[in-house]
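Residue numbers for the sequence shown, in the working numbering: 372 to 922.
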Amino acid sequence: MTTNNPSRRRFLRLAGLGAGAAVVGPRMGADRAQRVVDARAAARTVARTVARTAARTAAQDEVLEIALSAVIDPVQLRPGAPTTLWRYRAAVTAGDPARVQALDGPFPGPIVRLHQGMRFQATFTNRLREDTTVHWHGLNVPWLMDGHPMSLVAPGATYTYAFEVRNPPGMYWFHPHPHGRTGTQVYRGLAGLLIVDEPPDDPRLTALPADLVELPLIVQDRTLDDVNALVYPQSVMGFLGDDVWVNGRERFTAAVERRPYRLRLLNGSNHRILKLGWRDGAPVRVIGTDGGLLDAPVDKPFVMMAPAERVEILADFRDAAPSEVRALDSLAFRDDSMAMGALWPQGGKAEVATFVVGGGPPDGAGRVFLPIAFNGRHAEAADFAPAPALAAPVCRIEPLRRDADPIPATRTIVLRLERGRFTLNGRTFEHDAVADDEIVKLGAEEVWAFVNDGAGMGPGMGMMAGAHAMHVHLVRFRVVERTTDGRHAEAYATVAAGFVDEGWKDTVLVMPGETVKVRMTFGDFTGLYLYHCHMLEHEDQGMMRNFRVDA
Ligand code: C2O
Ligand code: CU
Ligand code: CU
């Protein structure tokens, strides 16, 4: 019987992803148990798919309907016992089957590819043992399609999400949103990518190297115990896993060609903040943010990614020597929060992904053995360069500012720890409640100021100041101003050069002592939407509120 053969099971799982779904990933040969990803094959498949879907755009490719379910699945992640994951499974029921793809790894996934203007429908069945919803993070959809915690889907029940894709091209994602359980459900493996592809003549795309291939990378931290079960202790402050997983793989290594790559990164962690940088110190060429490609690439020394943030990076391997190894690390930064993370603290240095250039073996099996001496789990004092003193306030977004005066905020949202819970203006989530100051007019342009006040007053409380990842449903926004009160200047100096505020965003990192102002327009729908911290333990503990858009 083959069911206790993990390789066999994995094959069945991938094959079961959907009728005709393109399986993007390492070949399902005898070598499939090893962890090296042949990104070359994956990239070629993606490139073919993109070209083909682009060609069809003008034709009858106006609808995509999928059957989506959340299931409980044992998956072989490490030698020994399988790990019980909660996963999305998708099958195309109408439209181009190539629009649903497997992620290049065991979890999460899948990838749903759409184009602006098409109709999308997901008939979702909950095969978990608890309520859930599906939220389309970053999408401009009617509120009943938004996966609001009020629209719960009970175990065994089905809910149909249907909407027109109004968003511009970009990398969005989907995940559960039931109040109090989002952290658990995402942690167990429920998350997928929703990519709205650019039309082939998008000038931002044509400005990039012509033979660009893409590689989506979902970075998450996870802890497995000694029987390979996922460990998720309840923590108000925030959960931090022991190890980095990229596309569900540890010590992620991809064999790449000597070509330019479009790395499409999602920080899919619950609480982990990433400070992504190339190990050799090369600048990170950022080409996109939450809301799609930038007008022009920008170089950063490193890139900060809060949970739920996306960043697209141009990784150019054309000038690399054969077999050259390039690696993306999460660099050390200083964190003053009380988040749990004994083995790998917030701000601790870690290896994220390794790329071996043209390094595959001649037989194409993709098996590459690398000396990985670096385990990178522990932040050491030496990792923190002495922080230069920071003058307050700091305003880095000069081009977006209209004059020297602070941009007036329409609303101010104070983020603060009160009585052991993180709050938004002193409030926590109440499922359908909306305060008077949480009602927005349809079509209004507003500036919201997120003020990270840390732990508020009290002896020693200033020591417990953590960052937050503020996310607003329905809209996309521009960061228009950042100021800091200087209380956490040393910590701030270890991260400030890595914010990517040049593009459209829906989630923004707000450091302790910092005020971040974002500008957005509230269209196209009326209804009840959420704004919250995307650090999922904060959110689940109530750091989330409704806002209502009224006509
Ligand atoms: Cu990623 Cu309220 O969402
Ligand atoms: Cu969202
Ligand atoms: Cu938070």
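Just so you know, even glycine gets a beta-carbon here, dropped at the ideal spot from N, CA and C.
Predicted, not measured: the structure shown is a model, and the values here were computed from it.
Residue environment, residue i, which counts as buried when at least 16 other CB atoms sit within 10 Å
{"i": "Leu714", "result": "exposed"}
{"i": "Ala528", "result": "exposed"}
{"i": "Gly451", "result": "exposed"}
{"i": "Thr454", "result": "buried"}
{"i": "Ala804", "result": "exposed"}
{"i": "Arg810", "result": "Looking at the sequence shown, residue 810 is not Arg but Ile. Exposed, because fewer than 16 other Cβ atoms sit within 10 Å of the Cβ of Ile810."}
{"i": "Ala465", "result": "exposed"}
{"i": "Ala441", "result": "buried"}
{"i": "Gly560", "result": "buried"}
{"i": "Val536", "result": "buried"}
{"i": "Pro520", "result": "buried"}
{"i": "Gln556", "result": "buried"}
{"i": "Arg449", "result": "exposed"}
{"i": "Thr892", "result": "exposed"}
{"i": "Ala691", "result": "buried"}
Selected residue, minimal CA-CA separation from residue i, among the options
{"i": "Tyr459", "options": "Leu564, Lys720, Asp670", "result": "Leu564"}
{"i": "His550", "options": "Ala922, Asp921, Arg919, Tyr902", "result": "Tyr902"}
{"i": "Pro716", "options": "Ile684, His546, Thr594", "result": "Thr594"}
{"i": "Gly480", "options": "Val524, Thr897, Pro587, Gly719", "result": "Pro587"}
{"i": "Val483", "options": "His508, Asp502, Glu501", "result": "His508"}
{"i": "Gln492", "options": "Ala525, Leu439, Trp544", "result": "Leu439"}
{"i": "Glu683", "options": "Val602, Glu873, Ala922, Gly857", "result": "Glu873"}
{"i": "Asp651", "options": "Arg689, Ala698, Ala625", "result": "Ala698"}
{"i": "Asp706", "options": "Thr897, Thr799, Leu611", "result": "Leu611"}
{"i": "Ala600", "options": "Ala838, Val818, Phe893, Gln447", "result": "Gln447"}
{"i": "Ile589", "options": "Pro779, Pro477, His859", "result": "Pro477"}
{"i": "Thr518", "options": "Asp666, Phe495, Gly718", "result": "The question names Thr, but residue 518 in the sequence shown is Gly. For Gly518, the nearest C-alpha among the options comes from Phe495."}
{"i": "Gln487", "options": "Arg500, Asp475, Leu510", "result": "Leu510"}
{"i": "Asn538", "options": "Asp877, Met906, Met915, Val920", "result": "Asp877"}
{"i": "Ile566", "options": "Asp572, Pro540, Ala578", "result": "Pro540"}
{"i": "Arg656", "options": "His506, Gly609, Ala686", "result": "Ala686"}
{"i": "Phe704", "options": "Ala691, Ile644, Ala625", "result": "Ile644"}
Contact belief for residue i with residue j at Cβ below 8 Å, rounded distance in angstroms
{"i": "Leu485", "j": "Ala677", "result": "That belief does not hold up - the Cβ atoms of Leu485 and Ala677 are roughly 25 Å apart, past 8 Å."}
{"i": "Gly825", "j": "Ala836", "result": "3 Å"}
{"i": "Val322", "j": "Val887", "result": "Because the chain is modelled from 372 through 922, residue 322 falls outside the range shown and cannot be assessed."}
{"i": "Met882", "j": "Tyr900", "result": "In fact, because the Cβ distance is near 25 Å, the residues do not count as touching under 8 Å."}
{"i": "Thr781", "j": "Glu817", "result": "4 Å"}
{"i": "Phe673", "j": "Leu634", "result": "Phe673 to Leu634, Cβ: 14 Å. No contact."}
{"i": "Ala562", "j": "His546", "result": "5 Å"}
{"i": "Glu433", "j": "Arg490", "result": "6 Å"}
{"i": "Val463", "j": "Met675", "result": "Not confirmed; about 36 Å, so no contact."}
{"i": "Arg853", "j": "Glu885", "result": "6 Å"}
Own chain partners of residue i with C-beta closer than 7 Å, once the 5 adjacent residues on each side are dropped
{"i": "Val607", "result": "Gly791, Arg792, Glu908, Gln912"}
{"i": "Asn497", "result": "Ala441, Thr503, Val524, Ala525, Pro526, Gly527, Ala528"}
{"i": "Pro654", "result": "Asp670, Lys671, Pro672"}
{"i": "Leu702", "result": "Lys646, Gly648, Phe673, Lys720"}
{"i": "Arg630", "result": "Asp582, Val584, Phe688, Arg689"}
{"i": "His839", "result": "Leu786, Asn823, Val881, Cys904, Met906, His909"}
{"i": "Asp808", "result": "Arg782"}
Cβ neighbours of residue i in the same chain (closer than 8 Å, five flanking residues each side left out)
{"i": "Met372", "result": "With a pLDDT of only 33 at Met372, under the threshold of 50, the placement of this residue in the model should not be trusted; the figure read from the coordinates follows. So the list is empty, once near-sequence residues are dropped."}
{"i": "Ser522", "result": "Thr504, Leu515, Tyr530"}
{"i": "Asp921", "result": "Ile810, Val811, Lys812, Leu813, Thr897"}
{"i": "Ala868", "result": "Lys671, Pro672, Phe673"}
{"i": "Ile578", "result": "The question names Ile, yet the displayed sequence has Ala at residue 578. Within the same chain, Ala578 has close Cβ partners Ala667."}
Span of the beta strand (DSSP E) around residue i
{"i": "Ala465", "result": "454-465"}
{"i": "Arg782", "result": "782-789"}
{"i": "Glu885", "result": "885-892"}
{"i": "Val850", "result": "848-855"}
{"i": "His844", "result": "Element bounds for His844: n/a, residue is neither H nor E."}
{"i": "Arg681", "result": "681-687"}
{"i": "Leu586", "result": "584-593"}
{"i": "Thr725", "result": "721-728"}
{"i": "Glu933", "result": "Nothing about residue 933 can be reported from this structure: the residues present for the chain run from 372 to 922 only."}
{"i": "Phe946", "result": "Limits of the chain in this structure are 372 at one end and 922 at the other, which puts residue 946 out of reach."}
Short CB-CB distance (under 8 Å) between residue i and chain C
{"i": "Leu515", "result": "Reference to chain C is not applicable here, since this structure consists of a single protein chain."}
Neighbourhood of residue i by C-beta, 6 Å cutoff - its chain only, sequence neighbours within 5 removed
{"i": "Asp444", "result": "Leu456, Arg458"}
{"i": "Arg681", "result": "Met542, Leu637, Asp661"}
{"i": "Trp974", "result": "For the chain, the structure presents residues 372 to 922; residue 974 sits outside this window and is missing."}
{"i": "Arg575", "result": "Leu664"}
{"i": "Arg693", "result": "The question names Arg, yet the displayed sequence has Pro at residue 693. Gly729, listed in sequence order."}
{"i": "Phe623", "result": "Val617, Ala724"}
{"i": "Ser640", "result": "Gln591, Asp592, Pro678"}
Limits of the unbroken alpha helix (DSSP H) element including residue i
{"i": "Arg705", "result": "Careful: Arg705 lies outside any alpha helix (DSSP H) and carries neither H nor E."}
{"i": "Glu346", "result": "An answer regarding residue 346 cannot be provided, because it is not within the stretch 372 to 922 covered by the chain."}
{"i": "Gly619", "result": "Element bounds for Gly619: n/a, residue is neither H nor E."}
{"i": "Arg575", "result": "574-577"}
{"i": "Gln556", "result": "553-558"}
{"i": "Tyr863", "result": "860-864"}
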